[in-house]
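Novice: Following this message is one structure expressed as structure tokens.
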Amino acid sequence: MGLALYKNRKILTGTNGGAKEIIYNYNIGGKLLEDYVSKRGIINRYNELSKAGYLYSPKDIASQNNEYSIQTYSEMGEKLGKSISKLLHKYSIEIVIFGGQISKSLKLFKNSFLKEMSNIKVIEAIDIDNSALIGAMF
């Protein structure tokens, strides 16, 4: 789970020159954000809800298109949105560009994610591998 912050066409960095903010370890109800939005987190939550056995990938879970898969992705979007919306407002960030692997499943959690994104525009990257570069152009 990565995040790059750009403001006024500059990358915001931390004191060590790395990322300004590290989000995978945000605490949400005693768990890390990574525990909810990672492959492992999605698989664990779905299996916890469904009690139907073990599915091996988020893609398998998405293809189920049942109440448990819908709830899993909805919860993921909500937790991700709540976690980063405060951060985005802190730095007055106005646009989120989804790239990388997470963007492949954006349609599954977009509605719950958007509910947490007040006054922030969300764009799905066309080229998921270069989304950070595209973000720098805004």
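Residues in the sequence shown are numbered from 4 upward in steps of one, following the working numbering.
For glycine and all other residues, C-beta sits at the position ideal for the given N, C-alpha and C.
(1) From the DSSP output, in three-state form, read off Glu127 for me.
(2) Could you check the C-alpha separation between Tyr76 and Gln104 for me, to the nearest Å?
(3) According to DSSP, what are the bridge partners of Leu1?
(4) Which ranges would you report for the beta strand (DSSP E) in the stretch 53-133 if only whole runs of at least 3 residues count?
(5) Nearest to Lys110 by alpha carbon, out of Asn68, Tyr49 and Ile14?
(6) Taking the CB atoms as reference points, tell me whether Leu58 and Gln74 lie closer together than 8 Å.
(7) Which same chain residues, not among the five before or five after Lys124, have their C-beta less than 8 Å away from its C-beta?
(8) Between Phe112, Asn11, Ile31 and Ser72, which lies nearest to Ala55 when the distance is taken from Cα to Cα?
(9) For Glu81 versus Ser115, is the C-beta distance shorter than 8 Å?
(10) Check the C-beta distance from Ile64 over to Ile45 and give it rounded, since I have them as a contact under 8 Å.
(11) If we ignore side chains and look at the alpha-carbon of each, how far apart do Arg48 and Glu37 end up?
Specialist: Quick look at the numbers:
(1) strand
(2) 15 Å
(3) No answer is possible for residue 1: the residues shown for the chain start at 4 and end at 141.
(4) 98-101 and 124-127
(5) Asn68
(6) no
(7) Glu97, Ile98 and Val99
(8) Ser72
(9) yes
(10) 6 Å
(11) 12 Å
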